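Below is one structure, written out as structure tokens; the observations come after it.
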Amino acid sequence: MKQVVISTPYITLGQLLKRTGVIDTGGQAKHYLAEHVVLVNETREDRRGKKLKAGDIITLEDGTRFEIVAK
Numbered sequence: 218m219k220q221v222v223i224s225t226p227y228i229t230l231g232q233l234l235k236r237t238g239v240i241d242t243g244g245q246a247k248h249y250l251a252e253h254v255v256l257v258n259e260t261r262e263d264r265r266g267k268k269l270k271a272g273d274i275i276t277l278e279d280g281t282r283f284e285i286v287a288k
């Protein structure tokens, strides 16, 4: 599992996808989430503005997992 360190109270799902290189631009988030299964804490999520906080686990369709960690 890869860790994504944040120094703010939260990061949005769209920002996470961009920061981790899953998508190239923030505008692609909506399309990516419509076409791929993304789980946040084992629940399917399709809102690019979903706030992710420390302790959240994000799982992509290919099995890649990210954990949000506070700095």
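Residues 218 to 288 (the working numbering) make up the sequence shown, in order.
Don't be surprised by glycine CBs; every beta carbon is placed ideally from N, CA and C.
Treat the numbers as computed from the prediction; the structure is a model and nothing was measured.
- Between the alpha carbons of Asn258 and Ile274 lies a gap of roughly 5 Å.
- Partner residues in the beta bridge of Leu256, as assigned by DSSP, are Arg261 and Thr276.
- By the Cβ criterion, the segment 242-251 is not in contact with the segment 218-227, since fewer than three pairs of Cβ atoms, one from each stretch, lie closer than 8 Å.
- The shortest C-alpha to C-alpha distance from Leu269 to any of Thr225, Ser224 and Thr229 is the one to Thr229.
- The Cβ-Cβ distance between Glu278 and Val239 does not fall below 8 Å.
- Secondary structure note for Lys235: it is in no beta strand (DSSP E), and the uninterrupted alpha helix (DSSP H) holding it is Leu230 to Arg236.
- For Lys247, the secondary structure class from DSSP, reduced to helix, strand or coil, is helix.
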